[in-house]
Amino acid sequence: MVQSLGYLKETPSQTAGPYVHIGCTPNFTGIHGIFDKDLGSGPLTNDKTKGERITIRGHVYDGTGTPLKDALVEIWQADADGLFPSPTETRGKADPNFTGWARCPGDMDTGEFVFETIKPGRTPFRDRDPRLQAPHITFWVVARGINIGLHTRMYFSDEEKANSEDPILNMIELKVRVPTLIGRRDGDTIHFDIHLQGDKETIFFDM
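Note that full-length UniProt numbering has the sequence shown beginning at 1, numbered continuously upward.
Structure representation (C-alpha coordinates):
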(Lines of atoms letter the chains of each structure in order from A; the text may use other names.)
(Lines give C-alpha, C1' and ligand atoms only; values in the text may rest on other atoms or scores of the structure.)
Protein backbone atom coordinates (compact mmCIF):
# COMPACT_ATOMS: atom_id res chain seq x y z
CA MET A 1 0.00 0.00 0.00
CA VAL A 2 1.34 3.39 -1.01
CA GLN A 3 1.62 5.71 1.95
CA SER A 4 0.36 9.26 1.59
CA LEU A 5 3.11 11.87 1.78
CA GLY A 6 0.73 14.68 2.59
CA TYR A 7 2.41 15.16 5.93
CA LEU A 8 5.58 16.40 4.21
CA LYS A 9 4.82 20.10 4.05
CA GLU A 10 6.79 22.69 2.15
CA THR A 11 9.46 24.39 4.24
CA PRO A 12 8.58 28.08 4.64
CA SER A 13 10.77 30.67 2.98
CA GLN A 14 13.14 32.47 5.32
CA THR A 15 15.60 35.30 5.00
CA ALA A 16 19.11 34.26 3.97
CA GLY A 17 20.38 35.03 7.47
CA PRO A 18 23.93 34.65 8.74
CA TYR A 19 24.40 31.06 7.59
CA VAL A 20 24.18 31.45 3.81
CA HIS A 21 27.87 32.36 3.54
CA ILE A 22 28.91 29.47 5.78
CA GLY A 23 27.05 27.00 3.59
CA CYS A 24 27.81 28.51 0.18
CA THR A 25 31.25 30.11 0.65
CA PRO A 26 32.96 28.44 3.62
CA ASN A 27 36.48 29.50 2.60
CA PHE A 28 35.32 33.11 2.46
CA THR A 29 34.09 32.86 6.05
CA GLY A 30 37.33 31.29 7.24
CA ILE A 31 36.18 27.66 7.26
CA HIS A 32 38.85 25.78 5.31
CA GLY A 33 39.33 22.13 4.41
CA ILE A 34 35.89 21.55 2.88
CA PHE A 35 36.63 22.71 -0.68
CA ASP A 36 39.96 23.76 -2.19
CA LYS A 37 38.11 26.86 -3.29
CA ASP A 38 34.52 27.95 -2.87
CA LEU A 39 32.10 26.64 -5.50
CA GLY A 40 31.39 29.22 -8.17
CA SER A 41 34.50 31.26 -7.39
CA GLY A 42 34.78 32.06 -11.10
CA PRO A 43 33.41 31.00 -14.52
CA LEU A 44 36.85 30.97 -16.18
CA THR A 45 38.35 27.52 -15.78
CA ASN A 46 41.70 28.39 -17.38
CA ASP A 47 43.41 30.90 -19.68
CA LYS A 48 41.98 29.19 -22.78
CA THR A 49 38.49 30.63 -22.30
CA LYS A 50 37.38 32.36 -25.50
CA GLY A 51 36.13 35.92 -25.51
CA GLU A 52 36.83 39.38 -24.18
CA ARG A 53 37.84 39.38 -20.52
CA ILE A 54 35.91 41.80 -18.33
CA THR A 55 35.64 42.57 -14.63
CA ILE A 56 32.24 43.36 -13.12
CA ARG A 57 32.23 45.47 -9.95
CA GLY A 58 29.23 46.62 -7.97
CA HIS A 59 27.34 46.90 -4.70
CA VAL A 60 23.89 45.89 -3.50
CA TYR A 61 22.18 48.90 -1.88
CA ASP A 62 19.20 48.94 0.46
CA GLY A 63 16.42 51.53 0.38
CA THR A 64 18.48 54.10 2.28
CA GLY A 65 21.35 53.92 -0.19
CA THR A 66 23.52 51.93 2.22
CA PRO A 67 25.57 49.09 0.70
CA LEU A 68 24.75 45.66 2.12
CA LYS A 69 27.75 43.89 3.58
CA ASP A 70 26.22 40.43 3.71
CA ALA A 71 24.80 40.01 0.19
CA LEU A 72 25.55 36.95 -1.91
CA VAL A 73 25.42 37.45 -5.68
CA GLU A 74 25.41 34.82 -8.43
CA ILE A 75 25.65 35.25 -12.19
CA TRP A 76 24.64 33.04 -15.11
CA GLN A 77 25.54 33.83 -18.71
CA ALA A 78 26.25 32.56 -22.19
CA ASP A 79 29.76 32.18 -23.53
CA ALA A 80 31.36 34.48 -26.10
CA ASP A 81 29.43 32.77 -28.92
CA GLY A 82 26.07 33.07 -27.17
CA LEU A 83 25.97 29.39 -26.16
CA PHE A 84 25.13 28.09 -22.71
CA PRO A 85 27.19 25.35 -21.01
CA SER A 86 24.07 23.29 -20.39
CA PRO A 87 22.80 19.84 -21.42
CA THR A 88 19.77 21.62 -22.90
CA GLU A 89 21.90 23.67 -25.30
CA THR A 90 21.13 22.36 -28.80
CA ARG A 91 22.55 25.14 -30.99
CA GLY A 92 26.16 24.06 -30.74
CA LYS A 93 28.96 23.16 -28.37
CA ALA A 94 29.63 25.73 -25.68
CA ASP A 95 33.15 26.70 -24.66
CA PRO A 96 34.44 23.82 -22.49
CA ASN A 97 36.71 26.27 -20.67
CA PHE A 98 33.83 28.35 -19.37
CA THR A 99 31.24 27.34 -16.76
CA GLY A 100 28.85 30.25 -17.32
CA TRP A 101 28.11 30.47 -13.58
CA ALA A 102 29.78 32.17 -10.65
CA ARG A 103 29.06 33.18 -7.06
CA CYS A 104 30.52 36.07 -5.08
CA PRO A 105 29.85 37.24 -1.53
CA GLY A 106 30.02 40.97 -0.99
CA ASP A 107 33.10 42.27 0.79
CA MET A 108 32.34 42.32 4.52
CA ASP A 109 33.79 45.83 4.88
CA THR A 110 32.68 47.58 1.68
CA GLY A 111 29.92 45.31 0.31
CA GLU A 112 31.54 45.24 -3.14
CA PHE A 113 31.13 42.14 -5.33
CA VAL A 114 33.60 41.37 -8.12
CA PHE A 115 33.39 38.91 -11.03
CA GLU A 116 36.13 38.08 -13.51
CA THR A 117 34.38 36.77 -16.61
CA ILE A 118 33.97 37.30 -20.36
CA LYS A 119 31.52 39.40 -22.31
CA PRO A 120 28.71 37.10 -23.51
CA GLY A 121 27.43 36.82 -27.04
CA ARG A 122 23.87 37.44 -28.18
CA THR A 123 21.29 34.71 -27.56
CA PRO A 124 17.90 33.89 -29.12
CA PHE A 125 14.85 35.30 -27.39
CA ARG A 126 12.92 32.03 -27.57
CA ASP A 127 13.13 28.76 -29.46
CA ARG A 128 12.22 29.28 -33.13
CA ASP A 129 12.11 33.05 -32.54
CA PRO A 130 14.51 34.90 -34.88
CA ARG A 131 14.89 37.86 -32.53
CA LEU A 132 18.17 38.11 -30.63
CA GLN A 133 18.68 39.39 -27.13
CA ALA A 134 21.44 41.89 -26.46
CA PRO A 135 24.49 40.61 -24.61
CA HIS A 136 23.51 40.34 -20.96
CA ILE A 137 24.29 38.58 -17.70
CA THR A 138 21.65 37.28 -15.29
CA PHE A 139 22.11 38.17 -11.61
CA TRP A 140 20.61 36.48 -8.55
CA VAL A 141 20.80 38.18 -5.15
CA VAL A 142 20.16 36.99 -1.61
CA ALA A 143 20.78 38.90 1.61
CA ARG A 144 19.26 39.65 5.00
CA GLY A 145 15.58 40.47 4.70
CA ILE A 146 15.21 38.73 1.32
CA ASN A 147 13.07 35.59 1.59
CA ILE A 148 13.21 34.64 -2.09
CA GLY A 149 16.24 35.37 -4.26
CA LEU A 150 15.90 38.36 -6.59
CA HIS A 151 16.61 38.02 -10.31
CA THR A 152 17.76 40.83 -12.55
CA ARG A 153 19.92 41.38 -15.60
CA MET A 154 22.92 43.47 -16.56
CA TYR A 155 23.21 44.78 -20.10
CA PHE A 156 26.20 46.68 -21.50
CA SER A 157 26.43 50.43 -22.08
CA ASP A 158 28.57 49.91 -25.21
CA GLU A 159 25.84 47.83 -26.90
CA GLU A 160 23.34 50.59 -27.68
CA LYS A 161 22.15 49.11 -30.98
CA ALA A 162 21.72 45.60 -29.59
CA ASN A 163 20.01 47.01 -26.48
CA SER A 164 17.54 48.93 -28.65
CA GLU A 165 16.60 45.65 -30.35
CA ASP A 166 16.40 43.53 -27.20
CA PRO A 167 12.89 42.01 -26.75
CA ILE A 168 13.06 42.14 -22.95
CA LEU A 169 14.17 45.76 -22.74
CA ASN A 170 11.46 46.71 -25.25
CA MET A 171 8.80 45.18 -22.98
CA ILE A 172 9.62 47.62 -20.19
CA GLU A 173 6.92 50.26 -20.20
CA LEU A 174 8.66 52.77 -17.94
CA LYS A 175 11.69 53.55 -20.07
CA VAL A 176 13.17 55.77 -17.35
CA ARG A 177 13.89 52.58 -15.42
CA VAL A 178 15.82 50.84 -18.21
CA PRO A 179 19.14 52.41 -17.08
CA THR A 180 18.89 50.37 -13.86
CA LEU A 181 19.76 47.34 -16.01
CA ILE A 182 22.71 48.89 -17.84
CA GLY A 183 26.26 48.26 -16.65
CA ARG A 184 28.53 51.26 -17.19
CA ARG A 185 31.66 50.37 -19.12
CA ASP A 186 35.03 51.82 -18.19
CA GLY A 187 37.74 50.06 -20.17
CA ASP A 188 37.56 46.37 -19.32
CA THR A 189 35.61 47.06 -16.11
CA ILE A 190 31.82 47.12 -15.94
CA HIS A 191 30.23 48.97 -13.02
CA PHE A 192 26.83 47.62 -12.05
CA ASP A 193 25.03 48.47 -8.81
CA ILE A 194 21.82 46.79 -7.65
CA HIS A 195 19.32 48.88 -5.68
CA LEU A 196 16.72 46.91 -3.71
CA GLN A 197 14.41 49.88 -3.09
CA GLY A 198 14.17 53.63 -3.52
CA ASP A 199 14.28 56.02 -6.46
CA LYS A 200 16.99 53.97 -8.21
CA GLU A 201 15.33 50.59 -7.59
CA THR A 202 16.63 48.00 -10.02
CA ILE A 203 14.14 46.18 -12.23
CA PHE A 204 13.69 42.61 -10.97
CA PHE A 205 12.19 39.74 -12.94
CA ASP A 206 9.63 37.15 -11.82
CA MET A 207 11.42 33.91 -12.66
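All C-beta atoms, glycine included, are put in the ideal place defined by N, C-alpha and C.
Quick caveat: nothing in here was measured; it's all calculated off a predicted structure.
When DSSP states are grouped into helix, strand and coil, MET108 belongs to the coil group.
Scanning the segment 154–186 from its first residue to its last, the whole alpha helix (DSSP H) runs of 4-plus residues come out as 160–165, 167–171. Annotation: the continuous alpha helix (DSSP H) that includes GLY23 extends over 20–24. Rounded to the nearest angstrom, the gap between the Cα atoms of THR152 and VAL178 is 12 Å. In terms of Cβ geometry, SER157 and ILE137 do not form a close pair [threshold 7 Å]. The continuous beta strand (DSSP E) containing LEU72 extends over residues 72–76. For ILE194, the three-state secondary structure derived from DSSP is strand.
If you look at HIS59, you'll find it isn't in any beta strand (DSSP E); DSSP assigns it neither H nor E. Inter-segment contact for the segment 118–125 and the segment 80–97 is present: three or more beta-carbon pairs are separated by less than 8 Å. The three-state secondary structure of ARG126, taken from DSSP, is coil. By the criterion of at least three beta-carbon pairs nearer than 8 Å, the segment 159–178 is not in contact with the segment 72–89.
In this structure, the CA atom of ALA71 is about 9 Å from the CA atom of HIS59. Counting only residues of its own chain and dropping the five nearest sequence neighbours on each side, LYS50 has a CB closer than 6 Å to the CB of ALA80, ASP95. Burial is judged here by how many other beta carbons sit within 10 angstroms of a residue's own beta carbon; ARG53 has fewer than 16 and is exposed. As the crow flies, the alpha-carbon of LYS119 is around 7 Å from that of PRO135. The continuous stretches of beta strand (DSSP E) do not include THR202, and DSSP gives it neither H nor E. Under the DSSP assignment, GLU52 falls outside any beta strand (DSSP E); it carries neither an H nor an E label. Residue range 113–118 is occupied by the beta strand (DSSP E) that includes GLU116. When secondary structure is reduced to three states using DSSP, LEU150 falls in the strand class. Assignment of HIS136 by DSSP, reduced to helix, strand and coil, places it in the strand class.
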